[in-house]
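Here the structure comes first, spelled out in structure tokens, and everything after it is commentary.
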Amino acid sequence: MVSQTAVKEKKARAVKKTTTKTKTRAKSKAKVQKNLVIVESPSKAKTIEKYLGKSYKVVASIGHIRDLPKSTMGVDIENDYQPKYINIRGKGDVIKSLKKDAKASKHVYLASDPDREGEAIAWHLAHILDLNLDDSDNRVVFNEITKDAVKEAFKHPRKIDMDLVDAQQARRILDRLVGYSLSPILWKKVKKGLSAGRVQSIALGLVIKREQEIQRFEPDEYWSLDTMFKKGRTKFKSSFYGLGNKKMALPDNDAVQDILKKIDKTQPFDVVNLVTKERKRNPQPPFTTSTMQQTANTQLNFKTRKTMMAAQQLYEGINLGGKNGTVGLITYMRTDSTRLSDTAKSEATTFIHDEYGEEFVSAKPIQGKKQEGAQDAHEAIRPTSVFRTPSSVKDKLTNEQFKLYQLIWSRFVASQMTPEILETMAVTIEQNGVTFKANGSQTKFAGFTKAYPAAKSKDNKLPALEIGDVLDMVTMSPEQHFTQPPARYTEATLVRALEENGVGRPSTYAATIETIQRRAYVRLDTKKFVPTELGELVQNTVQEFFPDVTNIKFTAQVETDLDNVESGKKYWVKVVDDFFTPFSKELEVAEKEMEKVVLKDELAGYDCDICGAPMLTKLGRYGKFHACSRFPDCRNTQTIVEEIGLLCPKCKTGQIVERKTKRGRTFYGCSRYPECDFVSWDKPNEKTLPDGTTPKEDKSEQTNKENQVSLVESSD
């Protein structure tokens with residue numbers, strides 16, 4: 003019989019053995035090191051970590067971790083323009099955490115975005131973490147955040163591309179040299195708080211030049227002579243063409259009267275010629291960054307920054323739930339290429355065949371024309387899977403995300419489809435040698451518009467006509483017109499102008515446009531840019547002493563030079579030096595010869611309602627305003643309001659005046675505020691509804707609250 007002591011000893015040995023095994027397993031588990039992956043954003047980190055599995059830990063640097071200092075130039079001009087990078091304030095905890103994770107990791111991968119800036123972020127991370135750039139393949143890039151694309155990218159890591167890094171450094175240093183050299187001069191000679199930069203000066207210059215063209219424009223008079231004809235019960239419109247086969251303009255009313263004398267209104271008109279034919283409309287290529295920004299602005303009314311924010315979210319990943327989990331819905335959104343992968347084209351062909359039919363599949367899809375200077379580093383912007391239709395993910399997206407995804411998806415699918423076929427009809431109508439013409443069209447085959455309804459042609463159907471038909475005239479409408487000046491820039495047209503001139507890069511346009519608005523160099527009037535007096539003052543000053551900074555061709559050449567740095571054809575220091583050497587001489591001249599601009603205050607024409615002193619008109623950051631002449635003893639200020647010549651439709655007493663919010667946005671309100679609370683973002687006119695709203699306004703409670711806040715902001 004086993005003694006109790008022996009049993010206790012046996013149990014103790016068993017417990018000790020189990021404890022030892024547990025400790026051994028824990029120790030063994032602790033020794034297993036994970037691979038560390040560093041990306042820019044937390045949402046991107048979560049998406050990628052799910053794809054890579056347990057052997058990888060994915061963390062975010064939250065954007066850049068090093069940059070030039072804000073307080074000083076941060077560029078050693080005497081030592082080949084070497085940048086003096088410092089850790090960004092507030093990033094201490096992030097850097098400490100990254101270093102700890104890197105030290106405990108088996109290998110560190112840098113998976114920031116696949117562009118110049120992403121390469122620079124990777125390089126800065128490598129420096130902070132003391133990674134060996136010569137021997138280690140740390141850099142991983144992918145154009146889309148999908149499971150297959152990410153896993154494939156990690157099979158082919160590479161070294162950091164220093165040409166890309168140098169191109170980004172050169173741009174950053176050039177912008178710093180210009181900004182930190184010009185701004186102090188503007189503060190000293192013009193006004194504190196001003197700034198100037200390479201690309202923003204070009205954008206501002208374009209807006210000012212267009213405004214000057216508008217001011218110089220002299221309208222020319224011309225007339226139109228439209229006629230409504232009838233065949234049976236069907237009416238259609240035609241326009242005066244000329245006499246016989248000779249086209250003729252109608253410069254004035256005398257010319258119109260001469261034509262009218264030739265027409266016998268009691269007699270019918272004859273169809274003397276009829277041409278019908280088919281016309282094809284090809285789809286447009288898939289989006290680049292620039293065309294996406296332009297189309298989102300015109301079709302969705304998105305500001306450039308809003309478009310890029312929504313695109314970034316779609317690229318980094320959306321949680322679709324179920325088996326899919328989080329997945330990137332679009333490819334990388336910073337690209338100047340319309341190129342598509344063979345896989346994407348093949349999937350599109352299958353989808354179009356199954357969804358719309360074989361006749362909608364293009365045998366030879368449209369090829370986008372490569373822009374001069376395009377880097378063509380990435381594919382066009384497209385959905386990562388064409389089978390992920392907008393309707394299938396709508397409930398997982400915000401309103402902005404859905405609208406943009408639908409636009410990108412539709413444009414991509416349409417680009418792989420057959421043309422729209424239109425049946426056109428051109429009719430020539432005559433009486434007594436006076437010729438009218440009418441053109442009609444209707445869709446015969448929808449083609450690519452089946453997937454992209456927004457691009458569908460508008461039908462203008464004419465009745466069935468034949469040569470020799472007799473038509474009755476219903477009405478004839480002579481109308482006077484005047485030629486119009488060139489249109490002011492919208493966000494979309496300004497982006498297009500910058501791209502066409504080769505200035506900046508599409509990824510920088512949002513920041514550029516935001517800067518000139520934030521500095522109050524331009525303002526928006528009915529969604530069009532108008533330069534302010536402050537903007538014109540700054541631009542004229544810079545243009546006089548620094549002509550290269552405001553020269554479009556010169557700035558475009560700098561962009562070409564930066565592209566050559568990226569491709570390894572030029573050394574970045576030489577590019578910077580070629581710019582800064584003549585620029586530094588201009589700085590010396592400006593310091594000596596630029597006269598201080600005296601901003602003279604004008605009498606406002608009324609007295610301060612607080613102390614009785616005369617009020618003055620002053621120029622501030624957001625334009626002109628009225629202030630007491632006894633400032634700073636009296637700090638009374640008044641917003642300058644401009645009447646637009648209309649009575650308030652709500653109270654029928656006050657005048658409609660133009661006001662501005664603190665952010666510089668223009669709106670319209672009653673001069674009797676707060677007694678009358680009429681407000682409108684759109685400029686009212688004679689068609690304004692009697693209830694105090696305009697046809698385009700949102701009558702929701704939320705909009706009314708926002709408008710009330712705007713009035714309070716303005717009055718403050």
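Sequence positions in the sequence shown follow the working numbering and run 3 to 718.
Don't be surprised by glycine CBs; every beta carbon is placed ideally from N, CA and C.
If you follow the beta strand (DSSP E) that residue 279 is in, where does it begin and where does it stop?
As a position in the sequence shown, residue 279 is number 277, starting the count at 1. Segment 271 to 283, the beta strand (DSSP E) holding residue 279.
Contact under 8 angstroms by Cβ, residue 567 with residue 172
Translated into the one-based positions of the sequence shown, residue 567 becomes position 565. Translated into the one-based positions of the sequence shown, residue 172 becomes position 170. Their beta carbons are under 8 angstroms apart, which means residue 567 touches residue 172 by this criterion.
Opposing strand residues paired with residue 85 [DSSP bridges]
Counting from 1 along the sequence shown, the entry for residue 85 is found at position 83. For residue 85, which the question treats as bridged, DSSP gives the partners 77.
Going straight from the alpha carbon of residue 488 to that of residue 537, what length do you get?
By 1-based counting over the sequence shown, the position of residue 488 is 486. By 1-based counting over the sequence shown, the position of residue 537 is 535. Taking the straight line joining both Cα atoms gives about 20 angstroms.
If we count the other Cβ atoms within 10 Å of its Cβ and call it buried at 16 or more, is residue 572 buried or exposed?
Locating residue 572 in the sequence shown gives position 570, where the first residue counts as 1. Residue 572 is buried by the Cβ-count criterion.
Say whether the stretch 303 to 314 touches the stretch 278 to 295, bearing in mind that this needs 3 or more beta-carbon pairs closer than 8 angstroms, one atom from each stretch.
yes
For residue 557 and residue 188, I'd like the C-alpha separation in whole angstroms.
In the sequence shown, the residue the question calls residue 557 occupies position 555. In the sequence shown, the residue the question calls residue 188 occupies position 186. Computed Cα separation, rounded: 21 angstroms.
Does the beta-carbon of residue 486 have 16 or more other beta-carbons within 10 angstroms, so that it is buried, or is it exposed?
Looking up residue 486 in the sequence shown gives position 484. Residue 486 is exposed by the Cβ-count criterion.
Beta-carbon within less than 8 angstroms of residue 347's beta-carbon, same chain only, minus the 5 sequence neighbours each way: which residues are those?
For the purposes of this step, residue 347 is taken as the residue at position 345 of the sequence shown. So the list reads 367, 418, once near-sequence residues are dropped.
If we ignore side chains and look at the alpha-carbon of each, how far apart do residue 89 and residue 208 end up?
Reading the sequence shown from its first residue, position 87 is the one you call residue 89. Reading the sequence shown from its first residue, position 206 is the one you call residue 208. Rounded to whole angstroms, residue 89 to residue 208 spans 36 angstroms at the Cα level.
Going along the chain, which residues of its own chain have a beta-carbon closer than 8 angstroms to the beta-carbon of residue 599, five neighbours each way excluded?
Here residue 599 is taken as the residue at index 597 of the sequence shown, counted from 1. Once the five neighbours on either side are set aside, the close Cβ partners of residue 599 are 191, 192, 193, 539, 543.
Helix, strand or coil, according to DSSP, for residue 756 in the structure here?
Because the chain is modelled from 3 through 718, residue 756 falls outside the range shown and cannot be assessed.
Which parts of the stretch 35 to 78 are runs of the alpha helix (DSSP H), unbroken and 4 residues or longer, counting only runs that do not cross its ends?
44 to 54
Measure the Cβ-Cβ separation of residue 283 and residue 424 and say whether it is below 8 angstroms.
Along the sequence shown, read from residue 1 onward, the residue named residue 283 stands at position 281. Along the sequence shown, read from residue 1 onward, the residue named residue 424 stands at position 422. Yes. Within cutoff.
Beta-carbon proximity of residue 226 to residue 481, cut-off 8 angstroms
Within the sequence shown, the letter at position 224 stands for residue 226. Within the sequence shown, the letter at position 479 stands for residue 481. Yes, the Cβ-Cβ distance between residue 226 and residue 481 is below 8 angstroms.
Determine the extent of the beta strand (DSSP E) in which residue 661 is found, giving its start and end residues.
Your numbering for residue 661 matches position 659 in the sequence shown. Looking at the DSSP string, the run of the beta strand (DSSP E) that includes residue 661 is 657 to 662.
Pick helix, strand or coil for residue 683, following the three-state DSSP scheme.
In the sequence shown, the residue the question calls residue 683 occupies position 681. Three-state DSSP puts residue 683 in coil, outside helix and strand.
Hey, residue 289 and residue 413: beta-carbon distance below 8 angstroms or not?
Indexing the sequence shown from 1 puts residue 289 at position 287. Indexing the sequence shown from 1 puts residue 413 at position 411. In this structure, residue 413 lies closer than 8 angstroms to residue 289 by Cβ.
Taking DSSP as the reference, what is the three-state secondary structure of residue 782?
In the structure displayed, the chain extends from 3 to 718; residue 782 sits before or after that span and is not available.
Taking three-plus beta-carbon pairs below 8 angstroms as touching, is the stretch 147 to 157 in contact with the stretch 40 to 56?
yes
Leaving aside the five residues before and after residue 459 along the sequence, list all residues of the same chain whose C-beta is less than 7 angstroms from its C-beta, in chain order.
Taking the sequence shown and counting its residues from 1, the one referred to as residue 459 is at position 457. Result list for residue 459: 283, 422, 424, 443, 445, in chain order.
Strictly by DSSP, which residues pair up with residue 224?
Residue 224 sits at position 222 when you count from the first residue of the sequence shown. Answer is 483.
Which residues bound the alpha helix (DSSP H) around residue 344?
Taking the first residue of the sequence shown as position 1, residue 344 is located at position 342. Looking at the DSSP string, the run of the alpha helix (DSSP H) that includes residue 344 is 344 to 357.
Using 8 angstroms as the threshold, is the C-beta distance between residue 551 and residue 198 below it?
Taking the first residue of the sequence shown as position 1, residue 551 is located at position 549. Taking the first residue of the sequence shown as position 1, residue 198 is located at position 196. Their beta carbons are under 8 angstroms apart, which means residue 551 touches residue 198 by this criterion.
For the candidate residues 602, 590, 637, 592, whose alpha-carbon lies nearest to that of residue 611?
Here residue 611 refers to the residue found at position 609 when the sequence shown is read from its first residue. Closest option to residue 611, Cα to Cα, is 637.
May I have the straight-line CA-CA distance separating residue 659 from residue 299, to the nearest angstrom?
For this step, residue 659 is matched to residue 657 along the sequence shown. For this step, residue 299 is matched to residue 297 along the sequence shown. Approximately 28 angstroms between the Cα atoms of the pair.
Grab the span of the alpha helix (DSSP H) containing residue 210 for me, first residue to last.
Taking the sequence shown and counting its residues from 1, one reaches residue 210 at position 208. Segment 200 to 218, the alpha helix (DSSP H) holding residue 210.
Do residue 428 and residue 277 come within 8 angstroms of each other at the CB atom, strictly closer than that value?
For the purposes of this step, residue 277 is identified with residue 275 of the sequence shown, where counting begins at 1. For the purposes of this step, residue 428 is identified with residue 426 of the sequence shown, where counting begins at 1. Cβ atoms of residue 277 and residue 428: closer than 8 angstroms.
Rank 249, 605, 337 by C-alpha distance to the C-alpha of residue 435 and give the top, closest one.
Position 433 of the sequence shown, counted from the first residue, corresponds to residue 435. The candidate whose alpha carbon is nearest that of residue 435 is 249.
Alpha helix (DSSP H) segments (min. 4 residues) lying fully within the stretch 116 to 186:
118 to 130, 149 to 155
Out of curiosity, what's the CA-to-CA distance linking residue 333 and residue 403?
In the sequence shown, counting from the first residue as 1, residue 333 sits at position 331. In the sequence shown, counting from the first residue as 1, residue 403 sits at position 401. If I take the Cα positions, the gap works out to 14 angstroms.
Whole-angstrom distance between residue 448 and residue 620, CA atom to CA atom
Here residue 620 is taken as the residue at index 618 of the sequence shown, counted from 1. Here residue 448 is taken as the residue at index 446 of the sequence shown, counted from 1. The alpha-carbon atoms of residue 620 and residue 448 are separated by roughly 59 angstroms.
So the candidates are 170, 144, 521; which of them puts its Cα closest to the Cα of residue 386?
To locate residue 386, count along the sequence shown from 1; it is residue 384. Ranking 170, 144, 521 by Cα distance to residue 386 puts 144 first.
By the 10 Å Cβ neighbour count, where 16 or more other Cβ atoms means buried, how is residue 124 classified, buried or exposed?
Here residue 124 is taken as the residue at index 122 of the sequence shown, counted from 1. Label assigned to residue 124: buried.
Report buried or exposed for residue 342, applying the criterion of at least 16 other Cβ atoms within 10 angstroms of its Cβ.
By 1-based counting over the sequence shown, the position of residue 342 is 340. Residue 342 comes out buried.
How many Å lie between residue 526 and residue 139 at the Cα?
Position 524 of the sequence shown, counted from the start, is the residue given in the question as residue 526. Position 137 of the sequence shown, counted from the start, is the residue given in the question as residue 139. When rounded, the distance between both Cα atoms is 49 angstroms.
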